[in-house]
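In what follows, a structure is listed as structure tokens, so that the remarks can point back to it.
Right, dumping it as structure tokens:
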């Protein structure tokens with residue numbers, strides 16, 4: 001049996017985007033080497049293989065520079081891992097329509113939902129922040145509806161949309177650091193999301209690459 005092609009993941013501690021890539025690799029049972037990047041002094045390896053965005057996460061599949069596969073952007077990495085590894089949960093539905101819907105909502109969770117929540121957390125008090133909070137609540141209601149009758153967004157196992165929305169598992173820490181007194185995701189308002197967040201964070205594979213609350217507080221609020 002041939003040796004598996006080596007996989008390296010360039011990432012940063014405390015990055016929800018890096019977590020997405022790690023979660024996919026662990027869920028699919030892919031062995032990988034994690035390379036911690038100092039984003040204030042980016043490595044030559046990162047700059048050489050991701051000269052456009054110069055960002056993490058970055059997945060390198062192979063060890064021969066002449067034949068190495070380079071995959072950038074967290075959700076693109078998740079889909080790539082889902083494609084090349086046959087073990088673990090499928091991450092994406094087999095049905096084309098369901099797969100398209102999963103990609104649509106993953107993009108919604110990654111862009112519109114997460115970014116609005118970030119603005120709601122870090123915008124100073126005032127009319128602008130209240131607008132972001134209202135928009136964030138509407139987005140969360142849409143995500144809540146996607147979970148109706150399901151354990152995870154993809155069904156009985158973690159999939160692309162769950163990984164895309166995994167930043168919600170970090171929200172309590174970010175709220176603590178930001179000094180938010182009332183959580184954006186309360187059980188009385190979003191019971192399915194609260195249950196899902198606990199289920200996701202307690203998954204055996206996910207737990208191995210999800211920093212603890214104390215680690216995250218120390219990172220974001222040293």
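Residue numbers (our numbering): 1 to 222.
Note that CB positions come from ideal geometry on N, CA and C, so glycine has one too.
Original post:
Near residue 211, which residues of its chain fall below 6 Å by C-beta distance, leaving aside the five closest residues on each side in sequence?
Top reply: By one-based count along the chain shown, residue 211 stands at place 211. Result list for residue 211: empty, nothing under 6 Å.
**OP:** Entirely within the region 44-106 and at least 3 residues each: give me those beta strand (DSSP E) ranges in chain order.
**Re:** 58-61, 69-72
Original post:
Run through DSSP, which three-state label would residue 35 get?
Top reply: Indexing the chain shown from 1 puts residue 35 at position 35. Note: residue 35 maps to strand in three-state DSSP.
Subject >> Sequence-distant residues of the same chain with beta carbon closer than 8 Å to residue 1, five excluded per side >> reply: Locating residue 1 in the chain shown gives position 1, counting from the first residue. With a pLDDT of 41 at residue 1, under the threshold of 50, the modelled position of this residue cannot be trusted, and the question is left open.
**OP:** Excluding the 5 residues preceding and the 5 following residue 159 in the sequence, name in chain order all residues of the same chain whose CB lies nearer than 6 Å to its CB.
**Re:** Translated into the one-based positions of the chain shown, residue 159 becomes position 159. Only 91 meet the Cβ criterion.
Subject >> Anticipated Cβ contact below 8 Å, residue 140 with residue 185, distance rounded >> reply: Residue 140 sits at position 140 when you count from the first residue of the chain shown. Residue 185 sits at position 185 when you count from the first residue of the chain shown. That pair is a contact at about 6 Å.
**OP:** Grab me the residues of residue 11's own chain with a C-beta within less than 6 Å of its C-beta, minus the 5 sequence neighbours each way, in chain order.
**Re:** Reading the chain shown from its first residue, position 11 is the one you call residue 11. These residues qualify, in order along the chain: 18, 56, 57.
Original post:
To the nearest whole angstrom, what separates the beta carbons of residue 209 and residue 23, a pair I think is in contact under 8 Å?
Top reply: Here residue 209 corresponds to residue number 209 of the chain shown, with the count starting at 1. Here residue 23 corresponds to residue number 23 of the chain shown, with the count starting at 1. Confirmed, about 6 Å.
Original post:
For residue 180, does the three-state DSSP call read helix, strand or coil?
Top reply: As a position in the chain shown, residue 180 is number 180, starting the count at 1. In the three-state DSSP reduction, residue 180 falls in the coil class, being neither helix nor strand.
Original post:
For residue 148, which of 118, 201, 196, 39 has the nearest alpha-carbon?
Top reply: Reading the chain shown from its first residue, position 148 is the one you call residue 148. Answer by Cα proximity: 196.
**OP:** Tell me whether the beta-carbon of residue 89 lies closer than 7 Å to the beta-carbon of residue 157.
**Re:** Your numbering for residue 89 matches position 89 in the chain shown. Your numbering for residue 157 matches position 157 in the chain shown. For residue 89 and residue 157, yes; Cβs fall inside 7 Å.
Original post:
When DSSP labels each residue in this structure, what does residue 7 get in the three-state scheme?
Top reply: By one-based count along the chain shown, residue 7 stands at place 7. In the structure shown, residue 7 sits in a strand (DSSP, three-state: E or B).
**OP:** With a threshold of 16 other CB atoms inside 10 Å of the CB of residue 179, please say whether the residue is buried or exposed.
**Re:** Translated into the one-based positions of the chain shown, residue 179 becomes position 179. Exposed, by the Cβ-count rule.
**OP:** Below 8 Å on the Cβ atoms is my guess for residue 121 versus residue 176; work out the distance and round it to an integer in Å.
**Re:** Here residue 121 refers to the residue found at position 121 of the chain shown. Here residue 176 refers to the residue found at position 176 of the chain shown. Contact doesn't hold; Cβ gap of about 10 Å is too wide.
Original post:
Excluding sequence positions up to five away, which residues of its chain have a Cβ less than 7 Å from the Cβ of residue 112?
Top reply: The count along the chain shown starts at 1 and reaches residue 112 at position 112. Cβ within range, chain order: 139.
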